[in-house]
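Under this note's numbering, the first residue of the sequence shown is numbered 866, with each subsequent residue one higher.
Glycine residues also receive a C-beta, built at the ideal position from the N, C-alpha and C atoms.
Okay, so here's the structure we're looking at.
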Amino acid sequence: MDGVITYLNTDLDLTSAQDLTTLARAFESRGVFALHVTRCDNGLWRATFETDDDHSEPESNIAAILAVSESLSKELRLIWDSCTQKEFNVGYDCGSSPWAFNEGLSANLVGRMVAAGVSFRVTLYPDRAQDAAKMQTDN
């Protein structure tokens, strides 16, 4: 990492009592790939999806994933609606530059997220190179 704050990607995280493998196949057929689809010990299904497209900001990435969810068949819509968690998790590598950094989502996209019942989370990953350098100077 070069110390520059950078958008990495957006994951869609789902949790449901219903099997998510059929939904995963539908998403994958439209270019949104499952990182995992797992039945947990508690009986719930969890899945995480992301696109393989190169997006420079979360807006276009979230829009691409929402387009798939919005086009689901009635049968797949029932599985989607059964999810107790639907969350976009936006990841950033952090650094010390630029001095100010911001990205936003349009009102239209936020409205689509609300209509789809999807929540929003941000994950910040530390600059590991800066952490390693700090550890060296502390020792």
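Contact between the segment 961 to 968 and the segment 869 to 877 is present: 3 or more CB-CB pairs across the two stretches fall below 8 Å. Annotation: the continuous alpha helix (DSSP H) that includes Leu941 extends over Lys939 to Ser947. Residue state for Val897 is assigned as strand, using DSSP reduced to three classes. Straight-line spacing of the CA atoms in Arg911 and Asn967 works out to 30 Å. Between Ala981 and Leu937, the beta carbon gap of about 10 Å keeps them out of contact (Cβ cut-off 8 Å). Contact check for Val897 against Val955 fails: the beta carbons are separated by 9 Å or more. Taking the C-beta atoms as reference points, Leu885 is found no nearer than 9 Å to Glu952. Judged by DSSP secondary structure, Asn973 falls within the alpha helix (DSSP H) whose first and last residues are Ala972 to Ala981.
Within the DSSP secondary-structure output, Val955 pairs in a beta bridge with Thr875 and Val987. Rounded to whole angstroms, the gap between the alpha carbons of His901 and Ala928 is 21 Å.
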